[in-house]
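See below for the structure under consideration.
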Amino acid sequence: MSHPHTASRGFALRPATPADVPDLVRLICALAEYEKLTHLLEITPEALQAQLFGARPPAEALVAQLDDGRVVGFALFFTNFSTFLCKPGLYLEDLFVEPAHRGLGIGRALMQALAGLAVERGYGRFEWCVLDWNEPAIRFYESLGASILPDWRLCRVTGSAMERIA
1 MSHPHTASRG FALRPATPAD VPDLVRLICA LAEYEKLTHL LEITPEALQA QLFGARPPAE
61 ALVAQLDDGR VVGFALFFTN FSTFLCKPGL YLEDLFVEPA HRGLGIGRAL MQALAGLAVE
121 RGYGRFEWCV LDWNEPAIRF YESLGASILP DWRLCRVTGS AMERIA
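Here the sequence shown is numbered in my numbering, starting from 1 and rising by one per residue.
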């Protein structure tokens with residue numbers, strides 16, 4: 001993303017910088033609270049700093065900043081790969097806008113900016129997961145033209161289960 005995406009509604013989008021780490025941690029914690037997943041949080045500012053701005057960052061983030069300087073939303077994403085398309089893809093890990101600032105078009109602007117990045121980079125896909133109970137998010141994603149794939153299930157191993165497989 002070569003330039004900030006500005007909306008006429010009092011906010012701008014821009015790539016996250018190291019100075020945004022405290023706001024990103026705050027917003028990620030708010031997202032976990034919204035999803036009732038705070039028991040899974042292990043994030044620290046130091047860890048996020050290393051993952052977004054270290055020697056080989058595995059993830060990137062965009063932030064939504066109000067004209068008054070407050071960061072009120074973010075999208076954290078990374079590159080994945082489609083063997084069928086034989087192209088990289090953009091995978092959205094998390095999208096969150098503080099409830100008090102929803103309805104301004106920030107979420108839509110973040111999704112448009114990410115789709116633009118995927119197109120600009122020549123990626124074959126832009127994809128993400130959504131919790132099955134999150135009807136407002138599902139409706140929002142469908143309004144953007146997203147397909148909700150009913151026959152795919154996310155598989156995950158962590159911690160000791162991952163170590164057992166290894």
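The C-beta atom is built at its ideal place from N, Cα and C for all residues, glycine as well. All values reported here derive from a predicted model rather than from experimental measurement.
(Q) Here's the rule: buried if 16 or more other CB atoms are within 10 angstroms of the residue's CB, otherwise exposed. What is residue 76? (A) buried
At what residues does the beta strand (DSSP E) containing residue 123 begin and finish?
Premise fails: residue 123 is in no beta strand (DSSP E) and is neither H nor E.
*Could you tell me which of 57, 72 and 55 sits nearest to residue 63, measuring between CA atoms?*
72
Q.
According to DSSP, residue 81 sits in a beta bridge with which residue or residues?
A. 88
Next item on the list: Out of 39, 59, 104 and 93, state which residue places its alpha-carbon closest to the alpha-carbon of residue 48.
Entry: 59
Quick one: using the 10 Å Cβ neighbour count with 16 as the cut-off for buried, is residue 119 buried or exposed?
Exposed is the call here.
Chain-order list of residues whose beta-carbon lies under 7 Å from that of residue 41 (same chain, five-residue window excluded):
29 and 32
| said: Does the structure place the segment 102-109 close enough to the segment 78-93 that three or more beta carbon pairs sit under 8 Å? | reply: With a cut-off of 8 Å, the segment 102-109 and the segment 78-93 do not count as touching, because too few Cβ pairs lie within range.
**Asked** Can you give the beta carbon distance from residue 126 to residue 96, rounded, assuming they're within the 8 Å contact cut?
**Response** Actually they are not in contact, since the Cβ atoms of residue 126 and residue 96 sit about 17 Å apart, beyond 8 Å.
Practice task
Report the three-state DSSP secondary structure of residue 61 (helix, strand or coil).
Solution key: strand
Inset, instruction - Given a cut-off of 8 Å, decide if residue 93 and residue 78 are closer than it, judged by their beta-carbon atoms. - result: yes
CB of residue 16 within 8 Å of CB of residue 61, strictly:
In contact: residue 16 and residue 61 (Cβ atoms closer than 8 Å).
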